[in-house]
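What follows is a set of notes on a single structure, which appears directly below.
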Amino acid sequence: MSLDPFVIRDEVNSKHIDVNKYRRETEEIARSAEKFHEWEPYRLLENAMKVAAFLKVTGLKTNQVRRVLEMARDIELKIRVGRAENITLDVTRMRFLLAYTVGRAGRRERSSIEAFYRVLDPMLKQMSEDEDFARRYFGKFFDFLQAVVAYHRFFGGEEK
127 MSLDPFVIRD EVNSKHIDVN KYRRETEEIA RSAEKFHEWE PYRLLENAMK VAAFLKVTGL
187 KTNQVRRVLE MARDIELKIR VGRAENITLD VTRMRFLLAY TVGRAGRRER SSIEAFYRVL
247 DPMLKQMSED EDFARRYFGK FFDFLQAVVA YHRFFGGEEK
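According to my numbering, the sequence shown holds residues 127 to 286 in order.
So this is what it looks like as structure tokens:
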């Protein structure tokens, strides 16, 4: 069964939102993130919607999510134009910059950015350890990130 983004948008913007529901779903996605390369397209999209909903209800700002996407976009562009010599190095850099983002997050936003980190880091870890894997699956990772950013905004994620 596919998720309805309009239903999710209404839920996350209601006064009686169950934050723990979205927290549990995001934690479940984090546990399966190591196998993101096996996610079917519909599962990738559903997981992105669930993560985006959690980020929205916990108050993460759109520009914070977008910063992560920009890091990934640079790597994806290098791959696409054939200038990526060492993707594992770029992905490793993305891992520590994401960790830095968690570390400098304010108290209010820390739980949401940390949950996002827990989803992304297993994916990045795999790609940082295997150049062939990174070349093969970075596009799927990038699609997931784009979907999270898009749905976060669709659900009403605030700027700045």
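Beta carbons are placed, not taken as given, at the ideal position from N, Cα and C, and that holds for glycine.
Report the residue from the options whose alpha carbon sits nearest the alpha carbon of residue i.
{"i": "R261", "options": "G229, L223, A198, V274", "result": "A198"}
{"i": "A225", "options": "R233, F242, R209", "result": "F242"}
{"i": "M249", "options": "E284, W165, K187, F132", "result": "W165"}
{"i": "K251", "options": "H278, H163, L170", "result": "H163"}
{"i": "I205", "options": "R157, R233, E257, I143", "result": "E257"}
Are the beta-carbon atoms belonging to residue i and residue j less than 8 Å from one another?
{"i": "V191", "j": "I155", "result": "no"}
{"i": "M253", "j": "F264", "result": "yes"}
{"i": "K182", "j": "V138", "result": "yes"}
{"i": "T152", "j": "S237", "result": "no"}
{"i": "V217", "j": "A159", "result": "no"}
{"i": "A179", "j": "F281", "result": "yes"}
{"i": "M211", "j": "V228", "result": "Per the sequence shown, residue 211 should be read as Glu rather than Met. Result no, Cβ atoms of E211 and V228 do not sit closer than 8 Å."}
{"i": "V247", "j": "R219", "result": "Note that residue 247 is Asp in the sequence shown here, rather than Val. No, the Cβ-Cβ distance between D247 and R219 is not below 8 Å."}
{"i": "E255", "j": "T188", "result": "no"}
{"i": "L170", "j": "F270", "result": "yes"}
Here's the rule: buried if 16 or more other CB atoms are within 10 angstroms of the residue's CB, otherwise exposed. What is residue i?
{"i": "R230", "result": "exposed"}
{"i": "L186", "result": "buried"}
{"i": "V207", "result": "exposed"}
{"i": "V194", "result": "buried"}
{"i": "Y168", "result": "exposed"}
{"i": "H278", "result": "buried"}
{"i": "V275", "result": "buried"}
{"i": "E202", "result": "buried"}
Quick one: Cα of residue i to Cα of residue j, how far?
{"i": "A273", "j": "G283", "result": "13 Å"}
{"i": "E172", "j": "D130", "result": "9 Å"}
{"i": "K295", "j": "K266", "result": "Given that the chain is displayed from residue 127 to residue 286, the structure contains no residue 295 and the question cannot be resolved."}
{"i": "L223", "j": "K147", "result": "29 Å"}
{"i": "I134", "j": "R149", "result": "14 Å"}
{"i": "G232", "j": "E196", "result": "21 Å"}
{"i": "K161", "j": "D136", "result": "30 Å"}
{"i": "F132", "j": "R209", "result": "40 Å"}
Helix, strand or coil for residue i? Go by DSSP, reduced to three states.
{"i": "E160", "result": "helix"}
{"i": "K176", "result": "helix"}
{"i": "K182", "result": "helix"}
{"i": "R192", "result": "helix"}
{"i": "L171", "result": "helix"}
{"i": "G283", "result": "coil"}
{"i": "A231", "result": "coil"}
{"i": "S140", "result": "coil"}
{"i": "G265", "result": "helix"}
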